[in-house]
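For what it's worth, our numbering labels the leading residue of the sequence shown as 86, then goes sequentially. The next block holds one structure in the form of structure tokens; read it before the comments.
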Amino acid sequence: MAEITFYTNPMSRGQIVRWMLEEVGEPYDLVPLDYGTGMKASDYLAINPMGKVPAIVHAGKTITEAAAICAYLADAFPAAHLAPPIDRRADYYRWLFFAAGPVEAAVTNKALGFIIPEGRERMAGYGTFDHTIDALESAVSGPGWICSDQFTAADVYVGAQIDWGLQFGTIPNRPSFDAYAVRLRDRPGYQRQRELDNALIAKMQRNSQ
86 MAEITFYTNP MSRGQIVRWM LEEVGEPYDL VPLDYGTGMK ASDYLAINPM GKVPAIVHAG
146 KTITEAAAIC AYLADAFPAA HLAPPIDRRA DYYRWLFFAA GPVEAAVTNK ALGFIIPEGR
206 ERMAGYGTFD HTIDALESAV SGPGWICSDQ FTAADVYVGA QIDWGLQFGT IPNRPSFDAY
266 AVRLRDRPGY QRQRELDNAL IAKMQRNSQ
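Here it is, written out as structure tokens:
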């Protein structure tokens, strides 16, 4: 039995954690859940009272929220080199949590058609969608990764936001975003995640018919 149990649905943010797990390279037990009875069952609500995926249980400890799971796994498995040394973590923490906070909120609000009233931007935390996207672009405008030449958990989380956003049109196409996404898609861990989750999507769809 693997040390890590991974609760997910392949049509969810669980794809982020699956990618992170593939980058880590440690074995894990997969528990796919549907959006109806699976995520709302009492045994899963004991793991995540929100009734949402993803979640992992590692060595008896439960971690939820995709950004937190990515950061946790990077620390729990240092041999994978998915977190920079402590004295080089400024950009790592900054952009990991920027994506989990302002980017997530700005993109979601725009997709739902929520417009912040003029003059009330400070109450929203992220200000405006355009300012948030401009700031995000500055994090990935270089030729490498968020932490210079080291690929980290921040690239998994930030990269997933950008990759999905480009595919679904919730983040605008810009040369920096497009180039960053190409680098991400070349990674074997990304490619394994896509293959595994696409196969799981097909299996769950067949089983639901």
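The beta carbon of each residue, even a glycine, is placed where N, CA and C say it ideally should be. Values in this document were obtained by computation on a predicted structure and should not be read as measured data.
Check whether residue i and residue j have beta carbons under 9 Å apart
i           : j           : result
residue 246 : residue 188 : yes
residue 96  : residue 167 : no
residue 157 : residue 171 : no
residue 128 : residue 91  : no
residue 88  : residue 274 : no
residue 180 : residue 209 : no
residue 289 : residue 94  : yes
residue 159 : residue 238 : yes
residue 191 : residue 151 : no
residue 124 : residue 109 : no
residue 183 : residue 220 : yes
residue 236 : residue 251 : no
Residue range of the alpha helix (DSSP H) that includes residue i
i           : result
residue 226 : Taken as a continuous stretch (DSSP letters only), residue 226 belongs to no alpha helix (DSSP H), as it is neither H nor E.
residue 211 : It is not in any alpha helix (DSSP H) - residue 211 carries neither H nor E in the DSSP assignment.
residue 286 : 273-293
residue 182 : 175-183
residue 263 : 260-270
residue 189 : 189-196
Backbone secondary structure at residue i - three-state DSSP
i           : result
residue 235 : strand
residue 218 : helix
residue 171 : helix
residue 256 : coil
residue 163 : helix
residue 247 : helix
residue 204 : coil
Buried or exposed (CB count within 10 angstroms, at least 16 for buried), residue i
i           : result
residue 231 : buried
residue 284 : exposed
residue 143 : buried
residue 162 : buried
residue 169 : buried
residue 203 : exposed
residue 227 : exposed
residue 269 : buried
residue 294 : exposed
residue 265 : buried
Which runs of the beta strand (DSSP E) fall wholly inside the segment 88-161 and span at least 3 residues, in chain order? Segments of the beta strand (DSSP E) lying fully in the segment 88-161: 89-93, 113-117, 140-143 and 146-149.
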